[in-house]
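Enquirer:
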Amino acid sequence: MPWFLPLFVISLFAWIFYEAIDKYAKKKNTPFWSKAIFAIRWLPPIQVLFILVLRLKSLIQHDMSHIEIAQYLGPGEFSAHHLKLIITGNGGVELTVLIVFLFALFSERLPSLVNARIDLRQGFRNRMMMFAGLTILLFSAILFPEPAYYDTITLPLNPIGVIPSWYTLVPLLLFAGITMFGGELFAVSTLFFAGGNFQKLARRARNKVLLISLATIIWLSISMDVDGNWLQKIPEMGMLLPLILMLHLGICLAITIHPAVEIESELNHGDGRSWGMLVLAAIMALLILVLTPLHLDQIQVFGSGLGAYVYGFWVAAVAVSAMMLVQFLPALGFDAAPRPEIWWMKMTLVFSPILLCLFTPFAVFLIPAIWLALPWSSLTPWFIERDVASPSASFVFYPVLFTTVMCAILPFWWNEPFLASLWFGWIPGAMASIGLTLHVKRNGEYSTPDLTEE
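Position 353 of the sequence shown, counting from 1, maps to 350 under this note's numbering, and the rest follow consecutively.
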């Protein structure tokens, strides 16, 4: 079916732009557009379900023309224990993607949203679809590798392996959890004008993302070969790269991006805003341009010369350049955020490793620097802008500065600096968000008059 993959890619793009398509369909208000918008909404999960049905049918019929049957089972009759292959084999990935799709589609019916207006619930669902469509599209080459769908003519007649163990489900479950609950945080963060409608859901989603992220770091610590070159084994460990990138995305959303929505909404008009943006851009660019080459140098793939620093500087420069270029977006109307310039800087940095990993897996080494740079996107306006009360430097600024320096240095004392950065790199972001949140609450208490005395 040569049309299947292009149709799947087009349907994922339609999910990314579903909100705009939905608005256009409602404006037209014709039977054709009603059916079209229904088809767009359900096409990706139906396609994945179709693949799973074909896989299950081939397994039951013990069809040797199916690649996994030839690889793991070989000639013979179907047995009930063979059903394990539908979950632990390539079917497990497809089942995981199907669950992510269905969770996004039915997200408007979550118990935490039962009291929200219908337009807010639908807006939440649309953002969930956007997030799910974008992540699955970016990881599609790994989730649906071409060799998994080769013709069996290229394989030997006898089985070349045993059915994968249940342990292979662990990274799939972690990936699905961060994608679903991280999608909730993404949706809430991009719908901040909804006020307190999503606060209960956001609090639960943040806790779930942090818990699953901790489990992910533990799994990575067990699975990554710190004594060998784990980066070279990424093609052999299909879910390793997507899981690292989704961990990055989940940590950023839970610790920095979502808390910043409420924090930045308390800023004023911005006296000294331009100067603050300049200082912020310099801090973030410096951290990324310095730390990324240092991490690349530690893996010793580029030899003993300047190769690691040249390559690292190039990757970091691309991310920083993209961060600068998006400053034009608020002028074009993409300004639905309390501080749209800072918002686009943060979101560009968060997604830059994922986008750049489409071209080079070495882009994962942007993650430690980005984790240390993002907290300063929340701190800088509060200390630079003159029309807002700055937090206590001893309570917020100096602790975040100290932990940033320590988390930048300490990983290089470990055998695997990148893994150590995943264990410690979130600390400055958590400290910045907690400190600023307490500062905002304290200011709110002082500025609200006590009307009970009268």
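Virtual Cβ for every residue (Gly too), placed ideally from N, Cα, C.
Please list the terminal residues of the continuous alpha helix (DSSP H) segment that includes Gln44.
Expert: Here residue 44 is taken as the residue at index 47 of the sequence shown, counted from 1. Gln44 -> alpha helix (DSSP H) spans 28 to 58.
Enquirer: Would you mind sorting Tyr21 into buried or exposed? The rule is 16 or more other CB atoms within 10 Å of its CB.
Expert: Position 24 of the sequence shown, counting from 1, holds the residue named residue 21. With fewer than 16 other Cβ atoms within 10 Å, it is exposed.
Enquirer: If I measure Cβ to Cβ from Leu102 and keep anything under 6 Å in the same chain, skipping five residues before and after, which residues do I get?
Expert: Looking up residue 102 in the sequence shown gives position 105. Excluding sequence neighbours, Leu102 sits near nothing in its chain.
Enquirer: In this structure, does DSSP put Ile339 in helix, strand or coil?
Expert: Against the sequence shown, residue 339 aligns to sequence position 342. Looking at Ile339 - three-state DSSP - the assignment turns out to be helix.
Enquirer: With DSSP as the reference, label Pro161 as helix, strand or coil.
Expert: As a position in the sequence shown, residue 161 is number 164, starting the count at 1. Note: Pro161 maps to coil in three-state DSSP.
Enquirer: Expressed to the nearest angstrom, what Euclidean distance is found between the alpha-carbon atoms of Arg114 and Lys438?
Expert: Here residue 114 corresponds to residue number 117 of the sequence shown, with the count starting at 1. Here residue 438 corresponds to residue number 441 of the sequence shown, with the count starting at 1. Straight-line Cα distance between these residues: approximately 27 Å.
Enquirer: Take Pro142 and list the residues in its own chain whose beta-carbon comes closer than 7 Å to its own, dropping the five residues that flank it on each side.
Expert: Along the sequence shown, one-based indexing puts residue 142 at 145. Hits under 7 Å: Gly235.
Enquirer: Where does Asp384 sit, in a helix, a strand or coil, going by DSSP?
Expert: Residue 384 sits at position 387 when you count from the first residue of the sequence shown. In this structure, Asp384 counts as coil in the three-state DSSP scheme.
Enquirer: Quick check on the burial criterion: 16 or more other C-beta atoms within 10 angstroms. Buried or exposed for Thr27?
Expert: Position 30 of the sequence shown holds residue 27. It counts as exposed.
Enquirer: By the three-class DSSP mapping on this structure, what secondary structure does Asn412 have?
Expert: What you label residue 412 is simply residue 415 of the sequence shown in a count that begins at 1. Note: Asn412 maps to coil in three-state DSSP.
Enquirer: Under the rule that 16 or more other beta-carbon atoms within 10 Å means buried, what is Arg200, buried or exposed?
Expert: Residue mapping note: residue 200 aligns to position 203 of the sequence shown, counting from 1. Looking at its Cβ environment, which holds fewer than 16 other Cβ atoms inside 10 Å, Arg200 is exposed.
Enquirer: What alpha helix (DSSP H) runs, 4 residues minimum, are completely inside the segment 272 to 356?
Expert: Taking only runs of at least 4 residues, the alpha helix (DSSP H) segments lying wholly in the segment 272 to 356 are 304 to 322, 337 to 353.
Enquirer: Let's test the definition: count the other Cβ atoms within 10 Å of the Cβ of Thr357 and tell me whether it reaches 16, buried, or not, exposed.
Expert: Position 360 of the sequence shown, counting from 1, holds the residue named residue 357. Burial call: exposed.
Enquirer: Report all residues from its chain with a CB closer than 6 Å to the CB of Phe100; omit the five preceding and five following residues, and keep chain order.
Expert: Walking along the sequence shown from the start, residue 100 turns up at place 103. If we look at Phe100 and ignore the five residues flanking it on each side, its Cβ neighbours are Met177.
Enquirer: Enumerate in chain order the residues of its own chain whose CB-to-CB distance from Met320 is below 6 Å, with the five nearest sequence positions on each side excluded.
Expert: In the sequence shown, counting from the first residue as 1, residue 320 sits at position 323. These residues qualify, in order along the chain: Met342, Thr345, Leu346.
Enquirer: Quick check on the burial criterion: 16 or more other C-beta atoms within 10 angstroms. Buried or exposed for Tyr164?
Expert: The sequence position of residue 164 within the sequence shown is 167, counting from 1. Answer is exposed; the Cβ neighbour count stays below 16.
Enquirer: So is Asp224 buried or exposed if we call it buried at 16+ other beta carbons inside 10 Å?
Expert: Indexing the sequence shown from 1 puts residue 224 at position 227. With a pLDDT of 47 at Asp224, under the threshold of 50, the modelled position of this residue cannot be trusted; read the value that follows with caution. Asp224 is exposed by the Cβ-count criterion.
Enquirer: Quick one: grab the DSSP three-state call for Asp224.
Expert: Translated into positions along the sequence shown, residue 224 becomes position 227. Note on Asp224: pLDDT 47, under 50, position unreliable in the model; no value is reported.
Enquirer: Relative to the C-alpha of Pro378, which residue among Leu2, Val167, Met274 is closest?
Expert: Within the sequence shown, the letter at position 381 stands for residue 378. Out of Leu2, Val167, Met274, Met274 has the C-alpha closest to the C-alpha of Pro378.
Enquirer: From Asp447 to Asp268, what does the alpha carbon distance come to, in whole angstroms?
Expert: Numbered from its first residue, the sequence shown carries residue 447 at position 450. Numbered from its first residue, the sequence shown carries residue 268 at position 271. Unreliable positioning characterises Asp447 in this predicted model, as indicated by a pLDDT of 42, which lies under 50. A coordinate reading is not provided.
Enquirer: Label Tyr308 either buried or exposed according to how many other C-beta atoms from any shown protein chain fall within 10 Å of its C-beta, with 16 as the threshold for buried.
Expert: Within the sequence shown, numbered from 1, the residue matching residue 308 stands at position 311. Tyr308 is buried by the Cβ-count criterion.
Enquirer: Pick helix, strand or coil for Trp420, following the three-state DSSP scheme.
Expert: If you number the sequence shown from 1, residue 420 lands on position 423. If DSSP states are grouped into helix, strand and coil, Trp420 belongs with the helices.
Enquirer: Report the CB separation of Leu501 from Tyr69 in whole angstroms; it is logged as a contact under 8 Å.
Expert: Because the chain is modelled from -2 through 451, residue 501 falls outside the range shown and cannot be assessed.
Enquirer: Taking all protein chains shown into account, decide if His266 is buried (16 or more other Cβ within 10 angstroms of its Cβ) or exposed.
Expert: The sequence position of residue 266 within the sequence shown is 269, counting from 1. The residue is exposed, with fewer than 16 neighbouring Cβ atoms inside 10 Å.
Enquirer: How far does the alpha helix (DSSP H) with Leu80 in it reach, from first residue to last?
Expert: Indexing the sequence shown from 1 puts residue 80 at position 83. Where Leu80 is concerned, there is no enclosing alpha helix (DSSP H), given that its DSSP letter is neither H nor E.
Enquirer: Have a look at Phe1, Ser55, Lys25, Ile13 and flag the residue whose alpha-carbon is nearest the alpha-carbon of Ile43.
Expert: Locating residue 43 in the sequence shown gives position 46, counting from the first residue. Among Phe1, Ser55, Lys25, Ile13, the Cα nearest to that of Ile43 is on Phe1.
Enquirer: Counting along the chain, where does the alpha helix (DSSP H) carrying Leu242 start and finish?
Expert: For the purposes of this step, residue 242 is taken as the residue at position 245 of the sequence shown. Where Leu242 is concerned, the enclosing alpha helix (DSSP H) stretches over 237 to 249.
Enquirer: Okay, do the segment 215 to 222 and the segment 278 to 297 touch, 3+ Cβ pairs below 8 Å being the bar?
Expert: Taking 8 Å as the limit for Cβ pairs, the verdict is that the segment 278 to 297 does not touch the segment 215 to 222.
Enquirer: Taking the alpha helix (DSSP H) that Asn123 belongs to, which residues open and close that run?
Expert: Within the sequence shown, residue 123 is the residue found at index 126, counting from 1. Here the alpha helix (DSSP H) through Asn123 covers 115 to 135.
Enquirer: Would you say the segment 365 to 382 touches the segment 414 to 422, given that touching needs at least three Cβ pairs under 8 Å?
Expert: Yes, the segment 365 to 382 touches the segment 414 to 422.
Enquirer: With respect to the alpha helix (DSSP H) encompassing Ser389, which residues constitute its N-terminal and C-terminal limits?
Expert: The residue given as residue 389 occupies position 392 in the sequence shown. Element bounds for Ser389: n/a, residue is neither H nor E.
Enquirer: Using a Cβ-Cβ cut-off of 7 Å (strictly less than) and excluding sequence neighbours within five positions of Arg383, which residues of its own chain qualify?
Expert: Walking along the sequence shown from the start, residue 383 turns up at place 386. Closer than 7 Å at Cβ, skipping near neighbours: Asp268, Gly269.
Enquirer: At which residues does the alpha helix (DSSP H) containing Ala184 begin and terminate?
Expert: The count along the sequence shown starts at 1 and reaches residue 184 at position 187. Here the alpha helix (DSSP H) through Ala184 covers 166 to 186.
Enquirer: Excluding five sequence neighbours on each side, which residues of the same chain lie with their C-beta closer than 7 Å to the C-beta of Thr400?
Expert: As a working note, residue 400 is residue 403 in the sequence shown. Cβ within range, chain order: Ile424, Pro425, Met428.
Enquirer: CB-CB under 8 Å to Gly432, same chain, minus the five flanking residues each way: which ones, in chain order?
Expert: Position 435 of the sequence shown, counted from the first residue, corresponds to residue 432. So the list reads Pro388, Phe392, Val393, Pro396, Val397, once near-sequence residues are dropped.
Enquirer: Taking all protein chains shown into account, do 16 or more other C-beta atoms lie within 10 angstroms of the C-beta of Tyr146, making it buried, or fewer, making it exposed?
Expert: The residue labelled residue 146 in the question sits at position 149 within the sequence shown. Exposed, because fewer than 16 other Cβ atoms sit within 10 Å of the Cβ of Tyr146.
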